[in-house]
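> Those letters in the sequence shown? Residues 118 to 504, by my numbering. Each residue gets a CB set at the ideal place from its N, CA and C atoms; glycine is no exception. From a predicted model like this one, the values you see are computed outputs, not experimental measurements.
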Amino acid sequence: MQKVGVVGDAIGGQDVLSSLVRLFPGVEFKCLKPAWPESLGGDFDILIVGVSATNAGEVDEACRRLQATSPQCQVVIALRDADVNTTRLLSRAGAADILPTPVTDAALALSLERLLVREASQPKPGEQRGEVVAFLKAGGGVGATTLAVQAAAILAARRKGEVCVADLDLQFGAAALYLDLNEAVTVTDVLASGGGLADTPFVHALGTHRSGARILAAPHDLTPLDSLTAPLADALIGGLRRNFALTLVDLPSVWTAWTNQVLQSADRIVLVTQLSVPHVHLAKRQLDVMRIQRLADHPTLLVCNAVSADQQAALTLKAAERALGRSFDIVVPEDRRTVLAATNQGVEISAVRTGTKVEQAVSLLADRVAGTIGAVEPSRRFGLWRR
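Rendered as structure tokens:
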């Protein structure tokens with residue numbers, strides 16, 4: 118049995134410790150004296166210690182202890198008044214993870230999970246990595262999130278591989294709400310859990326929808342877009358690839374260094390727009406930026422979502438395609454009542470009504486994004502109807 122030692126009140130008291138015991142029934146947790154043990158030997162697999170960044174003597178002592186600690190024991194530092202310099206110093210001294218206080222339950226659980234299963238979760242030589250599909254919006258409100266979560270639910274239900282939705286719309290993401298997983302682990306929880314994103318055991322940590330789809334939720338609070346960087350995004354995508362056969366990444370409509378990195382590393386891109394003059398112009402702008410960023414030859418599906426007869430009367434699909442310089446790959450018909458009911462209930466469209474045209478169109482989209490994990494043949498190019 119693996120053992121975790123907690124020094125003093127490093128994690129905030131007995132309630133947090135009791136919560137960890139429930140989360141990790143196969144691990145033995147032990148409270149230690151307030152002082153960091155001078156010698157650990159092979160007593161513990163993980164040691165959690167509190168350190169104050171404003172106390173130079175305490176930081177120096179922590180560095181000394183880290184360097185003297187047995188390699189078999191991984192040390193997690195709960196760092197009070199954290200700053201960049203102290204974090205780097207402790208990391209270089211050998212800390213396995215550094216968690217700024219107050220440490221959230223989710224961040225601590227993710228950190229422990231990663232360290233406890235690190236050896237088992239390392240990719241094997243020749244192990245195939247999963248695929249990543251990035252969903253890009255032509256402006257807000259086009260329904261890209263709905264399409265991503267519904268496609269993920271369809272594919273997960275086929276049980277041909279683990280499927281995840283990663284909501285990286287840091288400011289207005291709502292994928293977890295669409296799947297009724299309000300308490301799902303968020304991107305900020307993952308970032309707060311410390312380094313080693315590529316080693317995070319997402320398949321064990323993330324919330325699971327009834328279809329089997331996993332969700333990495335957007336932050337609960339509005340979060341600056343620069344909270345993610347290109348290296349962090351790259352590490353995050355690497356970890357998701359290792360854990361899931363397919364990851365659908367819901368991106369914001371804006372361009373940053375890290376969103377560009379995600380698009381560059383994606384196996385396929387889904388650009389979602391709607392049938393209106395403003396949305397067609399925004400979609401054209403996104404295609405132009407993709408060309409500038411050398412993504413023009415990247416496998417890209419162009420989806421026109423929620424198309425109604427009234428919209429077609431004002432702007433035909435053919436006219437929109439001429440303006441865009443390319444054809445739509447999939448056209449999803451408007452069915453506001455069915456889609457809204459599925460969103461409000463956090464269920465698949467088929468759970469509200471079966472056999473609808475919108476369900477068939479979303480199933481077609483799922484086939485096209487599925488890659489190697491179980492697309493249904495024969496595949497078709499367009500949605501259910503065109504005028």
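Please report the distance separating the alpha-carbon of E438 from that of R402.
Position 321 of the sequence shown, counted from the start, is the residue given in the question as residue 438. Position 285 of the sequence shown, counted from the start, is the residue given in the question as residue 402. Taking the straight line joining both Cα atoms gives about 14 angstroms.
> At a cut of 8 angstroms, does the stretch 457-473 reach the stretch 261-271 through at least three beta carbon pairs?
yes
> Could you give the distance in angstroms between the alpha-carbon of S238 and the alpha-carbon of P318?
The count along the sequence shown starts at 1 and reaches residue 238 at position 121. The count along the sequence shown starts at 1 and reaches residue 318 at position 201. Its pLDDT being 43, under 50, S238 is placed unreliably by the model, and nothing is read from it.
> So is D177 buried or exposed if we call it buried at 16+ other beta carbons inside 10 Å?
Within the sequence shown, residue 177 is the residue found at index 60, counting from 1. Result: exposed.
> Whose C-beta lies closer than 7 angstroms to the C-beta of A413 among residues of the same chain, with five residues either side of it excluded?
Residue mapping note: residue 413 aligns to position 296 of the sequence shown, counting from 1. Excluding sequence neighbours, A413 sits near M407.
> When you compare only the Cα positions, how much space is there between V320 and N360?
Indexing the sequence shown from 1 puts residue 320 at position 203. Indexing the sequence shown from 1 puts residue 360 at position 243. Their Cα atoms are separated by approximately 6 angstroms.
> In chain order, what residues of the same chain have a beta carbon less than 6 angstroms from the beta carbon of T303, not counting five sequence neighbours either side?
Within the sequence shown, residue 303 is the residue found at index 186, counting from 1. Cβ contact annotation for T303 (same chain, cutoff 6 angstroms, sequence separation greater than five): A334 and P336, in chain order.
> Between the alpha carbons of N299 and A199, how many angstroms are there, rounded?
The residue you call residue 299 lines up with position 182 of the sequence shown. The residue you call residue 199 lines up with position 82 of the sequence shown. About 29 angstroms.
> Please specify which runs of the alpha helix (DSSP H), each continuous and at least 4 residues long, are wholly inside the stretch 181-217, giving them in chain order.
201-210
> Expressed to the nearest angstrom, what Euclidean distance is found between the alpha-carbon atoms of D284 and A423?
For this step, residue 284 is matched to residue 167 along the sequence shown. For this step, residue 423 is matched to residue 306 along the sequence shown. Taking the straight line joining both Cα atoms gives about 21 angstroms.
> Within a Cβ cutoff of 8 angstroms, which residues of the same chain sit near A301, ignoring the five residues on either side of it in sequence?
Position 184 of the sequence shown, counted from the start, is the residue given in the question as residue 301. Excluding positions up to five away in sequence, the list reads A293, L323, G324, I332, L333 and A334.
> On the three-pair Cβ rule with 8 angstroms, is the stretch 415-422 touching the stretch 379-392?
yes
> Among L232, G329, D297 and S228, which has the Cα closest to the Cα of R276?
Taking the first residue of the sequence shown as 1, we reach residue 276 at position 159. Of L232, G329, D297 and S228, the residue nearest in Cα terms is G329.
> Excluding five sequence neighbours on each side, which residues of the same chain lie with their C-beta closer than 8 angstroms to the C-beta of L432?
By 1-based counting over the sequence shown, the position of residue 432 is 315. Excluding residues within five positions, the ones whose Cβ falls inside 8 angstroms are L392, S393, V394 and V397.
> Is DSSP giving P461 helix, strand or coil here?
As a working note, residue 461 is residue 344 in the sequence shown. The residue asked about is misnamed: residue 461 is Asn in this sequence, not Pro. Note: N461 maps to helix in three-state DSSP.
> Could you check what DSSP says for T171 in three-state terms: helix, strand or coil?
Taking the first residue of the sequence shown as position 1, residue 171 is located at position 54. Coil.
> Taking the alpha carbon of A223 as the reference point, which residue from T171, L137 and V379 has its own alpha carbon closest?
Within the sequence shown, numbered from 1, the residue matching residue 223 stands at position 106. Measuring from the Cα of A223, the nearest candidate turns out to be L137.
> What does the alpha-carbon distance come out to for the pair E539 and T262?
Outside the modelled stretch of the chain, which goes from 118 to 504, sits residue 539, for which no answer is possible.
> If you compare alpha carbons, which of L225, P219 and V192 is closest to G211?
As a first step, residue 211 must be located in the sequence shown, where it is residue number 94. When only C-alpha atoms are compared, the closest one is V192.
> Assuming I354 is part of the alpha helix (DSSP H), what are its boundary residues?
Residue numbering aside, residue 354 sits at position 237 when the sequence shown is read from its first letter. Under the DSSP assignment, I354 falls in the alpha helix (DSSP H) whose first and last residues are A347 to N360.
> I believe A270 touches H326 by the beta-carbon criterion, under 8 angstroms. Please report the beta-carbon distance rounded to the nearest angstrom.
Here residue 270 refers to the residue found at position 153 when the sequence shown is read from its first residue. Here residue 326 refers to the residue found at position 209 when the sequence shown is read from its first residue. Contact holds; Cβ gap of about 6 angstroms.
> Check for me: the alpha helix (DSSP H) holding Q101 runs from which residue to which?
Nothing in the structure corresponds to residue 101, since the chain is present only between 118 and 504.
> Which partner residues of F146 appear in the DSSP bridge assignment?
In the sequence shown, residue 146 corresponds to position 29, counting from 1. When DSSP reads this structure, F146 sits in a beta bridge with V121.
> Could you check the C-alpha separation between D132 and L232 for me, to the nearest Å?
On the sequence shown, residue 132 is found 15 positions in, with the first residue counted as 1. On the sequence shown, residue 232 is found 115 positions in, with the first residue counted as 1. C-alpha separation (whole angstroms): 22 angstroms.
> With respect to the beta strand (DSSP E) encompassing T305, which residues constitute its N-terminal and C-terminal limits?
To locate residue 305, count along the sequence shown from 1; it is residue 188. Taken as a continuous stretch (DSSP letters only), T305 belongs to no beta strand (DSSP E), being part of the alpha helix (DSSP H) at V304 to A309.
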